[in-house]
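In my numbering, each residue carries its 1-based index in the sequence shown increased by 37. Here's the structure we're looking at; comments come further down.
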Amino acid sequence: MDVLIHAVVGLHVIGIAALLGGFMTQMKAMGKGTARMVPAMLHGALTMLVTGVALVGLNQAEDHTLNTVKIGIKLALLVVILGLVYVKRDDEKVEAAAFGTVGALTAANVFIAVLWV
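Now the structure itself:
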């Protein structure tokens, strides 16, 4: 079961990389006001959601103690990220505030995962 959990963690990291990588590729365009939500951002956020839920289930199946407050906060941030990316995915140009919010919330999600023990 540990191998499966580690494999799902790897997929979760790939989702984070897709979301953050999509954001980073558009940062220069954000300065010009022409940033857009690229498909990698939506796919990365969805991957994070699916693998995150799977990780909670797998860890509960192994009787590991879970920090439900941490998981709830991370889920709430991800829902906001998904909402913004999904709603703005077809827009030619996205406001810098909305686009920056996605990047900031993604970074916050990463720091919560790494620093909150």
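Note that CB positions come from ideal geometry on N, CA and C, so glycine has one too.
Taking the CB atoms as reference points, tell me whether residue i and residue j lie closer together than 7 angstroms.
| i | j | result |
| --- | --- | --- |
| residue 126 | residue 74 | yes |
| residue 72 | residue 63 | yes |
| residue 112 | residue 139 | no |
| residue 45 | residue 88 | yes |
| residue 99 | residue 61 | no |
Apply the 10 Å Cβ neighbour rule to residue i and answer buried if 16 or more other Cβ atoms are within range, or exposed otherwise.
| i | result |
| --- | --- |
| residue 78 | buried |
| residue 107 | exposed |
| residue 103 | exposed |
| residue 143 | buried |
| residue 70 | exposed |
When the Cα of residue i is compared with those of the options, which residue comes out closest?
| i | options | result |
| --- | --- | --- |
| residue 76 | 52, 98, 88 | 52 |
| residue 86 | 101, 48, 136 | 48 |
| residue 116 | 137, 146, 150 | 146 |
| residue 43 | 65, 91, 152 | 91 |
Mind reading off the beta-carbon distance from residue i to residue j? Whole number of angstroms is fine, and I expect it under 8 angstroms.
| i | j | result |
| --- | --- | --- |
| residue 114 | residue 82 | In fact, because the Cβ distance is near 10 angstroms, the residues do not count as touching under 8 angstroms. |
Nearer than 6 angstroms: is that true of the beta carbon of residue i relative to any heavy atom of the ligand MN?
| i | result |
| --- | --- |
| residue 69 | Questions concerning the ligand MN fall outside what the structure shown contains, since it holds no ligand whatsoever. |
Handout entry: Three-pair Cβ contact test at 8 angstroms for the region 92-100 versus the region 128-139
Key = no
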